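In what follows, a single structure is set out as structure tokens and then discussed.
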Amino acid sequence: MSDNKKRGFFAKLGSFLDGARRWTLNIIFLVIVGAIAMAIFTSVKEVTVPDRAVLVLAPEGVVVDQLSAVDAFTQLSAQGLPRETLLADLIDAVQLASDDPRIEVLLLQLDELDHIGMSKTLELSEAIKVFRESGKTVVATANHYNQDQYLLASFADQIFVHNMGGVGIEGFAVIRNYFREAIDKLKIRFHVFKVGNFKSAVEPLLRNDMSDAAKEANKAWLNQLWTLYRDTVVERRGISANKLDNYVNHIDRVMTEVGGDAAQAALDYGLVDGIISRPMLREMLIERVGENKDGSFQQSYFRDYLALNRSLLIEVKESVGIIVASGNIVDGEQPAGTIGGDSLAKLIR
176 MSDNKKRGFF AKLGSFLDGA RRWTLNIIFL VIVGAIAMAI FTSVKEVTVP DRAVLVLAPE
236 GVVVDQLSAV DAFTQLSAQG LPRETLLADL IDAVQLASDD PRIEVLLLQL DELDHIGMSK
296 TLELSEAIKV FRESGKTVVA TANHYNQDQY LLASFADQIF VHNMGGVGIE GFAVIRNYFR
356 EAIDKLKIRF HVFKVGNFKS AVEPLLRNDM SDAAKEANKA WLNQLWTLYR DTVVERRGIS
416 ANKLDNYVNH IDRVMTEVGG DAAQAALDYG LVDGIISRPM LREMLIERVG ENKDGSFQQS
476 YFRDYLALNR SLLIEVKESV GIIVASGNIV DGEQPAGTIG GDSLAKLIR
């Protein structure tokens, strides 16, 4: 009898512990679900465009014609995601803002821009030109401008730099490594067959320096690039070509003249219009368009603005269609970054 009582007691105890375990796990599960739901709903904010606003154009990473394809595993892990901004998004946002009475200022925020290239910069500059011609102001800002960032900034009405920054323009160059001496020491034999002087692809294997023919060929296109860059900046900034060349070619002397103050050097050479901190820029824009509830200027980020207004883009009945074909050519349907035979044919049709 006592054994039955013991078994009954332990059975009830086991049932109680099992129920407590289930209830505890259920409560933990509900708490986790509730926390996730709360995080999702609290992070979703209503996006609107103020009556008077600054359109913040802040490209991130590399500006591209077509975004790279990202596999599902990379998307889930969020590791190694490419930092890219679509050129068409930048152009569309600026074009929409040109006719939008709510947008009074275009702010080019260029700190996170890694690379855009001259061709894409000049293409985007056409949209910026239309924005300026509509009677609105374009302002560029960055802590420090590299060569890519500055060319884009030159299309602004006003360029500002942080007092700890500057403008780094280095020109264009071809830099290669040459291995002839190392190859000889390693006793490696290469059989190279070439015809003509302007065959520089194999020079790293055959020489310790660049040949005169390669220098001549490289100078031809590098000088064209620099001339285009320099003429664009000179025209936009209203400075002389000699002044810009002196800034680029003798930056050591320039920095000595200003005691190592790169921001002051950029200001002295007419590359920027002012040296201001972020709080000063914020106050300047608040005076222009007003203050928002966060204590900053009334603004609309270009991705949010485009999401709200993309439907307003005018569809042209007769136009030239552009298909971006980038990557290896393979069979079948392929994602962006690869040219699939079937997917490309479908786009053409």
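Going from the sequence shown to my numbering is simple: count from 1 and add 175.
We treat Cβ as the ideally placed atom computed from N, Cα and C, and that holds for glycine.
Computed from a predicted model, the values in this text were never measured in an experiment.
When C-beta atoms of the stretch 434–441 are compared with those of the stretch 300–314, fewer than three pairs fall below 8 Å, so the two segments do not count as touching. Counting along the chain, the unbroken alpha helix (DSSP H) around L419 starts and ends at 416–424. For V224, the closest alpha carbon among the candidates R197, L419, D479, K468 is that of D479. Between the beta-carbon of E378 and that of M385 there is about 7 Å, and that keeps the pair under the 8 Å contact cut. Residue pairing of A315 in beta bridges, as defined by DSSP: L283, I334. Burial state of F472 is buried, judged by a 10 Å Cβ sphere holding 16 or more other Cβ atoms.
In this structure the stretch 447–462 does not touch the stretch 416–427; the number of beta carbon pairs closer than 8 Å is below three.
For secondary structure counted as the beta strand (DSSP E) over 3 or more consecutive residues, the stretch 357–407 holds no complete run. In the three-state scheme derived from DSSP, where H, G and I count as helix and E and B as strand, V231 is classed as strand. Non-local beta-carbon contacts of K369 in its own chain, meaning distances under 7 Å to residues more than five positions away in sequence, involve V377 in chain order. When the Cα atoms are used, E458 and R412 turn out to be separated by approximately 25 Å. Taking C-beta separations shorter than 8 Å and ignoring five residues to either side along the sequence, the partners of I523 in its chain run I498, following chain order.
Every unbroken stretch of the alpha helix (DSSP H) spanning 4 or more residues and falling wholly within the stretch 428–465 is given here in chain order: 437–443, 453–464. Judged by their CB atoms, S329 and F306 are not nearer to each other than the 8 Å cut-off.
The beta carbon of D506 is closer than 8 Å to those of G515, G516, D517 in its chain, skipping five residues each way along the sequence. DSSP places V237 inside the beta strand (DSSP E), whose first and last residues are 236–239. Between the stretch 326–343 and the stretch 269–285, the count of Cβ pairs shorter than 8 Å is three or higher; the stretches touch.
Counting the other Cβ atoms within 10 Å of the Cβ of V269 gives 16 or more, which makes it buried.
The DSSP-derived three-state label of Q473 is coil.
The continuous alpha helix (DSSP H) containing L522 extends over residues 516–523.
Distance between D332 and T407, taken at the CA atoms: about 14 Å. Contact between the stretch 258–266 and the stretch 203–211 is not established, with fewer than three Cβ pairs separated by less than 8 Å.
By the neighbour-count criterion, in which a residue is buried when 16 or more other Cβ atoms sit within 10 angstroms of its Cβ, S375 is buried.
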